[in-house]
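For the record, the sequence lines run as chains A and B.
Counting along the first sequence from 1, when you hit position 151 you're at 151 in the working numbering, and nothing is skipped either side.
Counting along the second sequence from 1, when you hit position 164 you're at 1164 in the working numbering, and nothing is skipped either side.
Heads up, the beta-carbon is just placed ideally off N, CA and C, and yes, glycines get one too.
To start, the structure under review is shown below, and the notes come after it.
Protein chains: 2
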Amino acid sequence: MSIKGLGADVLSRDFPEIRELPLFREIEEAHFEALMRGAYLQTFPPQVELIREGDPSDFLHIVVEGMVEMFAAWNGRETVMETVSPVAAFIVAATVRDAPYLMSARTVLRSRIVLIPSQDVRNVFAADPAFARAVVTELAERYRGVVKHTKELKLRNSLERLANYLLRLQTLTGGAEEFDLPIEKRRLAAYLGMTPENLSRGLRSLEAHGVTNDGARIVIGSAEALRKLARPTPLIDDTSL
Amino acid sequence: MSIKGLGADVLSRDFPEIRELPLFREIEEAHFEALMRGAYLQTFPPQVELIREGDPSDFLHIVVEGMVEMFAAWNGRETVMETVSPVAAFIVAATVRDAPYLMSARTVLRSRIVLIPSQDVRNVFAADPAFARAVVTELAERYRGVVKHTKELKLRNSLERLANYLLRLQTLTGGAEEFDLPIEKRRLAAYLGMTPENLSRGLRSLEAHGVTNDGARIVIGSAEALRKLARPTPLIDDTSL
DNA sequence: AGGTCGGCTTGATAATTGTCAATCAAGGGC
DNA sequence: GCCCTTGATTGACAATTATCAAGCCGACCT
Chain A
1 MSIKGLGADV
11 LSRDFPEIRE
21 LPLFREIEEA
31 HFEALMRGAY
41 LQTFPPQVEL
51 IREGDPSDFL
61 HIVVEGMVEM
71 FAAWNGRETV
81 METVSPVAAF
91 IVAATVRDAP
101 YLMSARTVLR
111 SRIVLIPSQD
121 VRNVFAADPA
131 FARAVVTELA
141 ERYRGVVKHT
151 KELKLRNSLE
161 RLANYLLRLQ
171 TLTGGAEEFD
181 LPIEKRRLAA
191 YLGMTPENLS
201 RGLRSLEAHG
211 VTNDGARIVI
221 GSAEALRKLA
231 RPTPLIDDTS
241 L
Chain B
1001 MSIKGLGADV
1011 LSRDFPEIRE
1021 LPLFREIEEA
1031 HFEALMRGAY
1041 LQTFPPQVEL
1051 IREGDPSDFL
1061 HIVVEGMVEM
1071 FAAWNGRETV
1081 METVSPVAAF
1091 IVAATVRDAP
1101 YLMSARTVLR
1111 SRIVLIPSQD
1121 VRNVFAADPA
1131 FARAVVTELA
1141 ERYRGVVKHT
1151 KELKLRNSLE
1161 RLANYLLRLQ
1171 TLTGGAEEFD
1181 LPIEKRRLAA
1191 YLGMTPENLS
1201 RGLRSLEAHG
1211 VTNDGARIVI
1221 GSAEALRKLA
1231 RPTPLIDDTS
1241 L
């Protein structure tokens, strides 16, 4: 894995989308540069553990390329909490609170990650009201995301979770009838709170509701029929809410 | 239910702990007064629905007395997400994001609630960096709380959840061997993601691990034995982390 | 092409959790 | 005191979900 420390100009030239992230868009140029000066850009192969739950939060991480999976383990069991795709920051909460990570993170694909020292983030956070407000927005969004995930886990059974997941995915792909699962099935199973075996059986059961599956390929034969089973609600399934 | 609109002086005289909330402790006096001027204090009997999921967030709520339960429903099922005890604010995320509530709230006991118009909160939030920072801290804490709850749901079975809940409760009561459940069992069951019947059976099973239960009374015969079953971890069970 | 590996699928079975119905117990109102 | 309501408990049973053990299949390697 190659490690490069890069100055502000290099990072923002190569990845202007970092500056455009909601988190950084409004902050003062001087503060943004201060953050980027201390930042590193690293490239990781797949399956590398970036952070481990329980460790102190040394860096705010931003995925600029690839894919990262947030996961948690206890007593020999492991589950996927979330997958993060470019361009997005993760573990913002641990960073601003200066508290240990509650989740681990690993690369799923070869990934490029920007690492910003947590102390720098906290300094700018204290000095730049615009940044503080952006962090609030980010955190509130994340909070609402986890709340939705929890509601789904507690209120729906595994087939309903799967059906709604597929409908959300369809919406994300612009309503296409056919699309591919963005992650491996075993990871999807862990995310949805079930075993890979049950995911297989679930996809099989959905055939009765017009869903075809071959490998990563999903075909929604009748969104109408699937919706009848899934009963999606904006208060769980609307990602923009 | 009686409704009273109160000026800043009355509210802060009667409930100085509001000013002492982490959320308000650091903000400018003028801003605090502006918030309190528009605030209402209401007293509600038990079982009143204060907010309904999906509604726009008109008010930030603060429980100053009593107890409030946050819950969510879907497709005829209902679950408890959290219970809020004085003095604490709830639905901060929906308020600052100006987004619909994701959870409903109802009083469990007769409760006194301070209601602050969301627009006022957003105004002060934009004008007072100290308040913005406090909101960040609050939100980060809440976020981490939901993450822990989700980890518990996905990684532990119902007996393990119950055992760990009892251990957390014991810690909250200063390590006492005997204590009372703070909420009704059916609510506890919903919070822990199980049915009341299963909670009953769970408490029964825990007798084999030294736990006695009569009504709301819990006696932990051997914290050691219970811990052996529960295997608590700070990354889920430490409420101060 | 053959071989190997990892992930996916399938069937059989077991464990966990939920449902339904009945009963019990405690607290409030009359 | 005595009903009446509500929540808690119990047992029998059903549904859901997990586990275990093959087997399958496609990607990748040599």
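Report back the beta-carbon spacing between residue i and residue j to the nearest angstrom; my notes put them in contact at under 8 angstroms.
i	j	result
residue 192(A)	residue 231(A)	About 16 angstroms separates the two Cβ atoms, so there is no contact after all.
residue 1079(B)	residue 1072(B)	6 angstroms
residue 1035(B)	residue 1124(B)	6 angstroms
residue 60(A)	residue 27(A)	At roughly 13 angstroms, the Cβ-Cβ gap does not stay under 8 angstroms, so residue 60(A) and residue 27(A) are not in contact.
residue 1166(B)	residue 1211(B)	7 angstroms
residue 132(A)	residue 1129(B)	6 angstroms
residue 77(A)	residue 1155(B)	5 angstroms
residue 1181(B)	residue 153(A)	Not quite, the Cβ-Cβ distance comes to about 23 angstroms (not below 8 angstroms), so this is no contact.
residue 1146(B)	residue 147(A)	6 angstroms
residue 198(A)	residue 158(A)	6 angstroms
Assign residue i to buried or exposed, taking buried as 16 or more other Cβ atoms, counted over all protein chains shown, within 10 Å of its Cβ.
i	result
residue 1174(B)	exposed
residue 66(A)	buried
residue 204(A)	exposed
residue 164(A)	buried
residue 1057(B)	buried
residue 1047(B)	exposed
residue 112(A)	buried
residue 228(A)	exposed
residue 1186(B)	exposed
residue 1001(B)	With a pLDDT of 41 at residue 1001(B), under the threshold of 50, the modelled position of this residue cannot be trusted, and the question is left open.
residue 233(A)	buried
residue 30(A)	exposed
residue 126(A)	exposed
residue 1224(B)	exposed
residue 1049(B)	exposed
Please report the distance separating the alpha-carbon of residue i from that of residue j.
i	j	result
residue 1237(B)	residue 221(A)	44 angstroms
residue 1110(B)	residue 81(A)	37 angstroms
residue 96(A)	residue 89(A)	13 angstroms
residue 207(A)	residue 177(A)	15 angstroms
residue 120(A)	residue 38(A)	8 angstroms
residue 4(A)	residue 115(A)	Only weak support exists for where residue 4(A) lies, its pLDDT of 48 falling under 50; the value from the coordinates is given anyway. Cα-Cα distance, rounded: 10 angstroms.
residue 1240(B)	residue 1052(B)	29 angstroms
residue 1215(B)	residue 1033(B)	45 angstroms
residue 1149(B)	residue 1044(B)	28 angstroms
residue 54(A)	residue 104(A)	8 angstroms
residue 24(A)	residue 235(A)	28 angstroms
residue 1138(B)	residue 217(A)	42 angstroms
residue 168(A)	residue 226(A)	12 angstroms
residue 118(A)	residue 108(A)	24 angstroms
residue 1064(B)	residue 1151(B)	30 angstroms
residue 1021(B)	residue 62(A)	33 angstroms
residue 1093(B)	residue 209(A)	37 angstroms
residue 1015(B)	residue 1134(B)	19 angstroms
residue 184(A)	residue 1017(B)	50 angstroms
residue 1195(B)	residue 1075(B)	17 angstroms
residue 1144(B)	residue 1099(B)	20 angstroms
residue 1019(B)	residue 1040(B)	15 angstroms
residue 200(A)	residue 1179(B)	45 angstroms
residue 1087(B)	residue 87(A)	38 angstroms
residue 1068(B)	residue 69(A)	35 angstroms
residue 1101(B)	residue 1202(B)	33 angstroms
residue 1122(B)	residue 1085(B)	24 angstroms
residue 242(A)	residue 142(A)	The structure shown has nothing for residue 242(A), since chain A only spans 1 to 241.
residue 170(A)	residue 106(A)	26 angstroms
DSSP has residue i in a bridge; who is on the other side?
i	result
residue 214(A)	217(A)
residue 179(A)	218(A)
residue 1115(B)	1040(B), 1061(B)
residue 173(A)	DSSP output for residue 173(A) lists no bridge partner at all.
residue 107(A)	68(A)
(Q) Which runs of the alpha helix (DSSP H) at least 4 residues long sit entirely within the region 5-92 of chain A? Give them in chain order. (A) Contiguous alpha helix (DSSP H) elements confined to the region 5-92 of chain A occur at 8-14, 16-19, 29-37, taking only those with 4 or more residues.
Q: Please go through the region 1114-1164 of chain B and give each complete beta strand (DSSP E) segment of 3 or more residues, from N-terminal end onward.
A: Listed in chain order, nothing qualifies, since the region 1114-1164 of chain B has no complete beta strand (DSSP E) run of 3 or more residues.
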